[in-house]
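Sequences listed follow chains Z and L, in order.
The first sequence lines up with residues 11 to 188 when you count with our numbering.
The second sequence lines up with residues 11 to 188 when you count with our numbering.
Quick reminder that beta carbons are idealized off the backbone N, C-alpha and C, glycines included.
Before any comments, here is the structure.
Protein chains: 2
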Amino acid sequence: MSPGALYVYFDSKEALIAGLCERDRAEFAERFATLATAPDFLKALAAIGEHYFVNEAAEKQRFVVEMGIEATRNPRISEIFMGVDKYCNDAFEALFHRLEDEGRIAPLVDIPTLVKVFNVFGDGMFWRRAIDPDADIGAVLPVVIELIGGLLNPKKAAPARRSRPRSKTKTATREARQ
Amino acid sequence: MSPGALYVYFDSKEALIAGLCERDRAEFAERFATLATAPDFLKALAAIGEHYFVNEAAEKQRFVVEMGIEATRNPRISEIFMGVDKYCNDAFEALFHRLEDEGRIAPLVDIPTLVKVFNVFGDGMFWRRAIDPDADIGAVLPVVIELIGGLLNPKKAAPARRSRPRSKTKTATREARQ
DNA sequence: GCAAACAGAATGCTCATTCGGTTTTATTTG
DNA sequence: CAAATAAAACCGAATGAGCATTCTGTTTGC
């Protein structure tokens, strides 16, 4: 596809970037949906990490870096870019709240902080893969998952019973959001 | 300083970048030296993290991102950029080996992997600070330090004795490097 | 008064965007 | 079914802005 032909579909470079972001957001939403319903959260998370940071071409990560830089210059691109970021973070925050409500995790830190730490892990693997041709995220991912597991402090589901275990912790149960 | 005036001091943009990298490397070496001799490794590490990811202007991190992107395009800049990266990693790897030899830490994972995980933490805080204007690394740094502490599995120095404790683990003691 | 340090205009290249024309695709008509 | 035609998709050259670098001349410090 020639440079000029792009402008048939997108009015500008910004619109193109917005489109790509939207596509990425949609793809993330899809993957996140499977994560949210997975019986074993950590295993599903590892699978997502494997996809984004090991299987997927490093060029994609590099492209996201380019968008990030562009976002620091262009306010409109910043809005788009940080919008996707916020979308992902909100999704994880909501999920963590739900898992806590269901008694499946008992995080060692408050959930907003947990999400921020989560960011650090994700961002770190992302950046490393983007710029280091020799990066081997596969080697660190199990450790990262282990660390996240430690923070989430997951509770084993009662193995004998079929029904989902109910929260019996002394901390107040959270209301459903909104 | 006008654009043209820069070329009095640097032959090219690459040379300028190389100079900035060298300055950063030297600054890191200085900070690392204090880290290497600090009695409390984790506390010293937290101080360095505080400096780089909280106190220092986010523009500096953004600039490093620019260099990283440039490195993916320009092989000569890549050499410079990844050279600094390797320098830092080698420094940490050597330090971890020494701390292990001295019996001050007993890492839960092998040291090369430990360094890679270390990278993830550093990269993550770095990238987040670079692109997110609302980033609050100060909120996550204590958790990150805690997690690193867990991985390093530090051993308390014997409080009564004045002499440094010697390694008594059954793992083979490492030779001094070169 | 002279050498180093600097500014700012000039040069040539890259890139975002536009535009005129051409191919492909779909639809209509004989 | 084939020819005709309209519309959409696309290419590649042209435009113009921005950036790396050079060059010429001016300022500054000694």
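Under 8 Å between C-beta atoms of valine 135/Z and phenylalanine 63/Z | Taking the first residue of the first sequence as 1, we reach residue 135/Z at position 125. Taking the first residue of the first sequence as 1, we reach residue 63/Z at position 53. The identity of residue 135/Z in the sequence shown is methionine, whereas the question assumes valine. In this structure, phenylalanine 63/Z lies closer than 8 Å to methionine 135/Z by Cβ.
Determine the direct distance from the alpha carbon of histidine 107/Z to that of proline 152/L, and round the result to whole angstroms.
-> Within the second sequence, residue 152/L is the residue found at index 142, counting from 1. Within the first sequence, residue 107/Z is the residue found at index 97, counting from 1. Near 22 Å, if we compare the C-alpha coordinates of histidine 107/Z and proline 152/L.
Can you give me, in chain order, the residues of the stretch 130–147 of chain Z that have a beta carbon less than 9 Å from any beta carbon in chain L?
-> Against chain L - using a Cβ distance shorter than 9 Å - the residues of the stretch 130–147 of chain Z are Val130, Phe131, Gly132, Asp133, Gly134, Met135, Phe136, Trp137, Arg138, Ala140, Ile141, Asp142, Pro143, Asp144, Ala145, Asp146 and Ile147.
Three-state secondary structure (DSSP) at proline 152/Z?
-> Within the first sequence, numbered from 1, the residue matching residue 152/Z stands at position 142. It is helical.
Neighbour flag for alanine 81/L against chain Z, beta carbons, 8 Å | Locating residue 81/L in the second sequence gives position 71, where the first residue counts as 1. Yes, because at least one Cβ of chain Z sits closer than 8 Å to the Cβ of alanine 81/L.
Report the residue from Thr123/Z, Val94/Z and Ala149/Z whose alpha carbon sits nearest the alpha carbon of isoleucine 161/Z.
-> Translated into positions along the first sequence, residue 161/Z becomes position 151. Here the sequence assigns leucine to residue 161/Z, which means isoleucine is not the residue at that position. Among Thr123/Z, Val94/Z and Ala149/Z, the Cα nearest to that of leucine 161/Z is on Thr123/Z.
Can you find a CB in chain Z that lies within less than 8 Å of the CB of glutamate 110/L?
-> In the second sequence, counting from the first residue as 1, residue 110/L sits at position 100. Closer than 8 Å: no.
Straight-line Cα distance separating isoleucine 158/Z from aspartate 21/L = Translated into the one-based positions of the second sequence, residue 21/L becomes position 11. Translated into the one-based positions of the first sequence, residue 158/Z becomes position 148. If I take the Cα positions, the gap works out to 47 Å.
Could one say the Cβ of glycine 159/Z lies closer than 8 Å to chain L's Cβ atoms, at least one of them?
-> The residue you call residue 159/Z lines up with position 149 of the first sequence. No - not a single Cβ of chain L is within 8 Å of the one on glycine 159/Z.
Would you kindly work out how many angstroms separate the C-alpha atoms of valine 119/L and arginine 114/Z, rounded to a whole number?
-> As a working note, residue 119/L is residue 109 in the second sequence. As a working note, residue 114/Z is residue 104 in the first sequence. One C-alpha to the other measures close to 27 Å.
Contact set for proline 143/L: own chain, Cβ-Cβ below 8 Å, skip 5 residues either direction = Here residue 143/L corresponds to residue number 133 of the second sequence, with the count starting at 1. For proline 143/L, where only same-chain residues beyond five positions count, the Cβ hits under 8 Å are Ala68.
Do arginine 8/L and valine 130/Z have their CB atoms nearer than 8 Å?
-> Here chain L has residues from 11 to 188 only, and residue 8/L is not among them.
Classify proline 13/Z as helix, strand or coil using the three-state DSSP reduction.
-> Residue mapping note: residue 13/Z aligns to position 3 of the first sequence, counting from 1. The answer is helix: DSSP assigns proline 13/Z an H, G or I state.
Within 10 angstroms of its Cβ, does methionine 77/L collect 16 or more other Cβ (buried), or is it exposed?
-> Position 67 of the second sequence, counted from the start, is the residue given in the question as residue 77/L. Counting Cβ neighbours within 10 Å, methionine 77/L comes out buried, since at least 16 surround it.
What in chain Z is Cβ-close to alanine 149/L, meaning under 7 Å?
-> The count along the second sequence starts at 1 and reaches residue 149/L at position 139. What alanine 149/L touches in chain Z: Thr123 and Lys126.
Give the straight-line distance between the Cα atoms of tyrosine 19/Z and cysteine 31/L, rounded to the nearest whole angstrom.
-> Within the first sequence, numbered from 1, the residue matching residue 19/Z stands at position 9. Within the second sequence, numbered from 1, the residue matching residue 31/L stands at position 21. Answer to the nearest angstrom: the Cα atoms are 41 Å apart.
Which residues in chain L sit within 8 Å of valine 94/Z, going by Cβ to Cβ distance?
-> Taking the first sequence and counting its residues from 1, one reaches residue 94/Z at position 84. By Cβ distance, chain L contributes nothing, its closest Cβ being about 12 Å from valine 94/Z, past 8 Å.
So what does proline 164/Z bridge to, in DSSP terms?
-> Translated into positions along the first sequence, residue 164/Z becomes position 154. Bridge partners of proline 164/Z: Ile115/Z.
Short-range partners of chain L found in the stretch 14–27 of chain Z, where Cβ spacing is below 8 Å | none
Can you tell me whether DSSP reads serine 22/L as helix, strand or coil?
-> Translated into the one-based positions of the second sequence, residue 22/L becomes position 12. DSSP places serine 22/L in coil when its eight states are reduced to three.
How many Å lie between glutamate 103/Z and glycine 29/L at the Cα?
-> Reading the first sequence from its first residue, position 93 is the one you call residue 103/Z. Reading the second sequence from its first residue, position 19 is the one you call residue 29/L. Going by the C-alpha atoms only, they are around 42 Å apart.
Neighbouring residues, chain Z, relative to arginine 86/L (Cβ below 8 Å) = For this step, residue 86/L is matched to residue 76 along the second sequence. By Cβ distance, chain Z contributes nothing, its closest Cβ being about 15 Å from arginine 86/L, past 8 Å.
Methionine 11/Z to lysine 23/Z span [Cα, whole Å] = Within the first sequence, the letter at position 1 stands for residue 11/Z. Within the first sequence, the letter at position 13 stands for residue 23/Z. Just so you know, the alpha carbons of methionine 11/Z and lysine 23/Z end up roughly 15 Å apart.
Using a C-beta to C-beta distance shorter than 7 Å, which residues of chain L count as neighbours of arginine 190/Z?
-> With chain Z covering 11 to 188 only, the question about residue 190/Z has no answer from this structure.
Anticipated Cβ contact below 8 Å, alanine 116/L with asparagine 163/L, distance rounded | Mapped onto the second sequence, residue 116/L falls at position 106. Mapped onto the second sequence, residue 163/L falls at position 153. At roughly 5 Å, the Cβ-Cβ gap stays under 8 Å, so alanine 116/L and asparagine 163/L are in contact.
For glutamate 37/Z, which three-state DSSP category applies?
-> The residue you call residue 37/Z lines up with position 27 of the first sequence. The answer is helix: DSSP assigns glutamate 37/Z an H, G or I state.
Neighbourhood of lysine 70/L by C-beta distance below 7 Å, restricted to the same chain and skipping five residues each side = If you number the second sequence from 1, residue 70/L lands on position 60. So no residue of the chain qualifies.
Any idea if leucine 16/L is buried or exposed, counting beta-carbon neighbours within 10 angstroms, 16 or more meaning buried?
-> Stepping through the second sequence from its first residue, residue 16/L is reached at position 6. That one is exposed.
For alanine 145/L, name the three-state secondary structure that DSSP assigns.
-> Residue 145/L sits at position 135 when you count from the first residue of the second sequence. Of the three classes helix, strand and coil, the one that applies to alanine 145/L here is coil, per DSSP.
Would DSSP call alanine 104/L helix, strand or coil?
-> Looking up residue 104/L in the second sequence gives position 94. Three-state DSSP puts alanine 104/L in a helix.
Give the C-beta separation of valine 150/Z and lysine 126/L to the nearest angstrom, bearing in mind that I take them to be a contact with Cβ-Cβ under 8 Å.
-> Counting from one through the first sequence, the residue named residue 150/Z turns up at place 140. Counting from one through the second sequence, the residue named residue 126/L turns up at place 116. Indeed they touch by this definition, with Cβ atoms about 5 Å apart.
If you count every other CB in all the chains shown that lies within 10 Å of the CB of alanine 43/L, and 16 or more means buried, which is it?
-> Taking the first residue of the second sequence as 1, we reach residue 43/L at position 33. Answer is exposed; the Cβ neighbour count stays below 16.
CB of arginine 35/Z within 8 Å of CB of valine 74/Z, strictly | By 1-based counting over the first sequence, the position of residue 35/Z is 25. By 1-based counting over the first sequence, the position of residue 74/Z is 64. Contact: no.
With a Cβ-Cβ cutoff of 8 Å, do isoleucine 155/L and alanine 81/L count as a contact?
-> Counted from its first residue, the second sequence places residue 155/L at position 145. Counted from its first residue, the second sequence places residue 81/L at position 71. Going by C-beta atoms, isoleucine 155/L is not nearer than 8 Å to alanine 81/L.
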